[in-house]
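Colleague: In terms of the numbering used here, the sequence shown is residues 9 to 323.
Just so you know, even glycine gets a beta-carbon here, dropped at the ideal spot from N, CA and C.
Note that this is a predicted model, so its numbers are computed, not measured.
Submitted below is the structure of interest, expressed as structure tokens.
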Amino acid sequence: MPERLVADRYRLVEMVGSGGMGVVWDAWDERLQRRVAVKQLRALPGLSEDETRVANERAMREARITARLHHRHAVSVFDVVDDDGRPCLIMQFVPSTTLGELVRERGPLPPAEVARIGARVASALAAAHDLGIVHRDVKPGNVLISEDGPLISDFGISRALDDISLTTTGLVHGTPAYLSPEGARGEEATYASDVFCLGSTLYAALEGTPPFGTQANSIALLHRVAAGTVEPPQHSGPLTPLLNRMLSRDPADRPTMAEVAEELEALGRETSEVAAPAATPLEAPAAPVPAGRPPVTFRFDPAPPASPDAAPAAA
């Protein structure tokens, strides 16, 4: 066990996950005597000292903005601190599995279950949009399935660092599997982009594969995403019309996130399919919440796009 405190307060207990943008620890808040998740963001390669400082400041600012969001289906950000010159997020610890892991274990999920999961995630994203917060990284690895229901995690903190990398090096990291077409073209993420990415996430849960296929050539896949060429869903049943609207190539043709939450909630009630098993408990329905960059070069992390992506069990 690490023999040090982060910010003289958060004791690291066990590393529970690691990804391209950071390391997540199961930790203990010595002051409030509670379990928390500590995410240490990695330093971006290829940046100067000044660029690194700007990136860290932007990530800290994004974290403070995200901390304004309080929703039963969003992982809460409690604090953001400086950890040896790097931003460090202190978040709600959620014992869970990710939606990506769940699909890998069980295969494609039935529409009724996907509708219920999607409705709750969409309600949290709608609340974020009401606060002016764009998630920018909705994917199966950022949807946590816990005993208390699904939660959306990892709002745009890491993407804040990506934006600095894009500005300074012309590179964006990650797999294009769940990007919106406008995101694949290097354009600014919007509320409508979150709708598309949630649609991609639900599509993967229903079909077992991302909407743009699973070809290993990331550049070719990126071009498919930019063109908005979605493989028609085969197992989405009553969710098909809404899913098609969410995955519209033109952002103006997509529903709002509040509309998505309301429609998914109704679809989850109306469908007659078998309810989700105990492995993915879902609580009573939550009420829905009302309502160009220049060309860039892409570099991708070496994660295979063949199945929904994974993330640590703690956000």
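Roughly how many angstroms lie between the CA atoms of V129 and A269, to the nearest whole one?
Modeller: 8 Å
Colleague: My guess is that A136 and L77 are in contact by the Cβ rule of under 8 Å, so how many angstroms apart are they, rounded?
Modeller: 5 Å
Colleague: Should V142 and D202 be called a contact, given that it needs their Cβ atoms to be closer than 8 Å?
Modeller: Yes, the Cβ-Cβ distance between V142 and D202 is below 8 Å.
Colleague: Could you tell me the alpha carbon to alpha carbon distance between T198 and N225, rounded to whole angstroms?
Modeller: 27 Å
Colleague: Please report the distance separating the alpha-carbon of P118 from that of E273.
Modeller: 15 Å
Colleague: Which whole-angstrom value describes the C-beta separation of L251 and P116, a residue pair presumed to lie in contact below a C-beta threshold of 8 Å?
Modeller: No, L251 and P116 are not in contact; Cβ-Cβ is about 13 Å, not under 8 Å.
Colleague: Based on the DSSP output, what are the partners of P158 in its beta bridges?
Modeller: I153
Colleague: Take P246 as the anchor and find which of D145, R277 and L49 has the nearest alpha-carbon.
Modeller: R277
Colleague: Name the residue from M68, H81, F86 and R114 whose alpha carbon lies nearest to the alpha carbon of G93.
Modeller: M68
Colleague: Does G207 pass the burial test, meaning 16 or more other C-beta atoms within 10 Å, or should it be called exposed?
Modeller: buried
Colleague: Work out the CA separation of K147 and I227 for me, nearest whole Å.
Modeller: 19 Å
Colleague: In whole angstroms, what is the alpha-carbon distance linking T134 and D16?
Modeller: Looking at the sequence provided, one finds Ala at residue 134 rather than Thr. Between the alpha carbons of A134 and D16 lies a gap of roughly 35 Å.
Colleague: If distances are taken between C-alpha atoms only, which option among G236, I73 and S256 comes closest to D138?
Modeller: I73
Colleague: With G221 and L229 assumed to form a contact (beta carbons below 8 Å), what rounded beta-carbon distance in angstroms separates them?
Modeller: 7 Å
Colleague: Could you give the C-beta distance for V88 and P95, rounded to a whole number, given that I count them as a contact under 8 Å?
Modeller: 6 Å
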